[in-house]
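Peer 1: Pasting a structure below so you can have a look.
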Amino acid sequence: MVEKVSRNFFLFLSHNRLISSGAKKWGLKFGASQVVAGVAIEEMIESLKELNQKGLVCTVDHLGEYVQSKEEALESTAMAIQTLEAIAASGVSSHMSVKLTQLGLDINAEFCLENMKKIVRVAKKHDIFMRIDMEDYTRCQKTLDILAELRKDYENIGTVIQAYLHRAEKDVDELQDLSLRLVKGAYKERATVAYQEKEKVDENYFNIIKKHLLNGKYTAIASHDHHIIKKVKAFAKENNIPKSQFEFQMLYGMRTEMQQSIADEGYTMRVYVPFGKDWYGYFMRRLAERPQNVKFALRGLFSNK
Numbered sequence: 121m122v123e124k125v126s127r128n129f130f131l132f133l134s135h136n137r138l139i140s141s142g143a144k145k146w147g148l149k150f151g152a153s154q155v156v157a158g159v160a161i162e163e164m165i166e167s168l169k170e171l172n173q174k175g176l177v178c179t180v181d182h183l184g185e186y187v188q189s190k191e192e193a194l195e196s197t198a199m200a201i202q203t204l205e206a207i208a209a210s211g212v213s214s215h216m217s218v219k220l221t222q223l224g225l226d227i228n229a230e231f232c233l234e235n236m237k238k239i240v241r242v243a244k245k246h247d248i249f250m251r252i253d254m255e256d257y258t259r260c261q262k263t264l265d266i267l268a269e270l271r272k273d274y275e276n277i278g279t280v281i282q283a284y285l286h287r288a289e290k291d292v293d294e295l296q297d298l299s300l301r302l303v304k305g306a307y308k309e310r311a312t313v314a315y316q317e318k319e320k321v322d323e324n325y326f327n328i329i330k331k332h333l334l335n336g337k338y339t340a341i342a343s344h345d346h347h348i349i350k351k352v353k354a355f356a357k358e359n360n361i362p363k364s365q366f367e368f369q370m371l372y373g374m375r376t377e378m379q380q381s382i383a384d385e386g387y388t389m390r391v392y393v394p395f396g397k398d399w400y401g402y403f404m405r406r407l408a409e410r411p412q413n414v415k416f417a418l419r420g421l422f423s424n425k
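With my numbering, letter number 11 in the sequence shown gets 131, and the count goes up by one each step, no holes.
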């Protein structure tokens, strides 16, 4: 009960525009620097280099979402392109992830699509894979519609399927020829569209992982759950699925010892590396997902870093 209240509280804070606006002026506070790789591109690139040196690959996310104006969306588009150019110039091993609401999805879908085309075109030039992050349920189909349009001209693109949604298995079937990142899901959704019980989410999560692995397409298993990771390793071995067909993904700053252990075992371990001034909403969702992460915030309050 306490955990549910805590989760709802942090999810509520993640959508508070007043606090989020103030957070842009504060810099990384409340321990956010432990899970966000800086505000500037240069800081992020240094973090990628450090991770690569440890045998970890990355995917970068320039934080931001729910933009309200075309000007903001165009700024986000330009920043995404700058980020891609920086990744290419530095020689680091990294993909890039992007949220469509950052590029104007809530303003106009066609406008968002054109912005995304600009980004994917640059990514293709530099041979960088792009991942469209999935957001809340109300934007799920719109996201998949834009993905479908992009796939007509580009192959360096994939998306995310959230296991807590009732539609997850159907989406995995329909996207079976695509590289997918499979996650449990981090947004608060109503019972009519999403499983509410952890056991059901976990069950559906492992089911869609098995389904996509058996489909033979590349699968990114994004989880910090060591039980899930252990089961995936065993399933892959039992079904002769090579390590080259899947990877594990974890968030920057989370369970770093496990990340290193997985990489040392010869699996691809990709770290999701967020950066940028719009860190607040992301940080609040991390606290909502794992209440034990509140220690980051408390430590940050006292250290003022």
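We treat Cβ as the ideally placed atom computed from N, Cα and C, and that holds for glycine. Note that this is a predicted model, so its numbers are computed, not measured.
Hey, Ser214 and Leu168 are a contact pair by Cβ (cut 8 Å); roughly how many whole angstroms apart?
Peer 2: Reading the sequence shown from its first residue, position 94 is the one you call residue 214. Reading the sequence shown from its first residue, position 48 is the one you call residue 168. With 8 Å as the limit, Ser214 and Leu168 qualify as a contact, their Cβ atoms being about 5 Å apart.
Peer 1: Tell me the residue span of the alpha helix (DSSP H) that contains Ala288.
Peer 2: Along the sequence shown, one-based indexing puts residue 288 at 168. Here the alpha helix (DSSP H) through Ala288 covers Ala288 to Glu294.
Peer 1: Thr179: which of Gln173, Leu407 and Pro394 sits nearest, CA to CA?
Peer 2: As a working note, residue 179 is residue 59 in the sequence shown. That would be Pro394, whose Cα lies nearest to the Cα of Thr179.
Peer 1: Per DSSP, what are the beta-bridge partners of Tyr392 in this structure?
Peer 2: Here residue 392 refers to the residue found at position 272 when the sequence shown is read from its first residue. Tyr392 pairs with Thr179 and Leu371.
Peer 1: Does the distance from the CB of Val240 to the CB of Ile277 come in under 8 Å?
Peer 2: As a working mapping, residue 240 is identified with position 120 in the sequence shown. As a working mapping, residue 277 is identified with position 157 in the sequence shown. Yes, Cβ-Cβ distance for Val240 and Ile277 is below 8 Å.
Peer 1: Can you name the residues that DSSP bridges to Thr339?
Peer 2: Here residue 339 is taken as the residue at index 219 of the sequence shown, counted from 1. Its beta-bridge partners are Leu300 and Phe366.
Peer 1: For Gln154, name the three-state secondary structure that DSSP assigns.
Peer 2: The residue you call residue 154 lines up with position 34 of the sequence shown. Gln154: helix per DSSP, three-state reduction.
Peer 1: Report the residue from Lys238, Phe368, Ala206 and Ala356 whose alpha carbon sits nearest the alpha carbon of Glu163.
Peer 2: Here residue 163 corresponds to residue number 43 of the sequence shown, with the count starting at 1. It is Ala206.
Peer 1: Tell me the rounded alpha-carbon separation between Ala152 and Gln379.
Peer 2: Along the sequence shown, read from residue 1 onward, the residue named residue 152 stands at position 32. Along the sequence shown, read from residue 1 onward, the residue named residue 379 stands at position 259. If you take the alpha carbons of Ala152 and Gln379, they lie about 19 Å apart.
Peer 1: Compare the beta carbon distance of Leu371 and Val218 with 8 Å and say whether it is the shorter of the two.
Peer 2: Translated into the one-based positions of the sequence shown, residue 371 becomes position 251. Translated into the one-based positions of the sequence shown, residue 218 becomes position 98. Cβ distance not < 8 Å, so Leu371 and Val218 don't count as in contact.
Peer 1: Could you name the residues of the same chain whose beta carbon sits closer than 8 Å to that of Gly305, not counting the 5 residues immediately before and after it, in chain order?
Peer 2: Locating residue 305 in the sequence shown gives position 185, where the first residue counts as 1. Counting only Cβ-Cβ distances below 8 Å, and skipping sequence neighbours, we find Gln282, Ala283, Tyr284, Leu285, Ala314 and Val321.
Peer 1: Would you list the residues sitting across from Met250 in a DSSP beta bridge?
Peer 2: Against the sequence shown, residue 250 aligns to sequence position 130. DSSP output for Met250 lists Met216 and Ile277 as bridge partner(s).
Peer 1: Around the Cβ of Gln438, are there at least 16 other Cβ atoms within 10 angstroms (buried) or fewer (exposed)?
Peer 2: Nothing can be reported for residue 438, as the shown portion of the chain is limited to 121 through 425.
Peer 1: Is the beta carbon of Leu233 sitting closer than 8 Å to the one on Ile201?
Peer 2: Mapped onto the sequence shown, residue 233 falls at position 113. Mapped onto the sequence shown, residue 201 falls at position 81. No, the Cβ-Cβ distance between Leu233 and Ile201 is not below 8 Å.
Peer 1: Whose C-beta lies closer than 6 Å to the C-beta of Phe403 among residues of the same chain, with five residues either side of it excluded?
Peer 2: Mapped onto the sequence shown, residue 403 falls at position 283. So the list reads Ala152, once near-sequence residues are dropped.
Peer 1: Ala193 lies in the alpha helix (DSSP H); which residues open and close that run?
Peer 2: Against the sequence shown, residue 193 aligns to sequence position 73. Ala193 -> alpha helix (DSSP H) spans Lys190 to Ser210.
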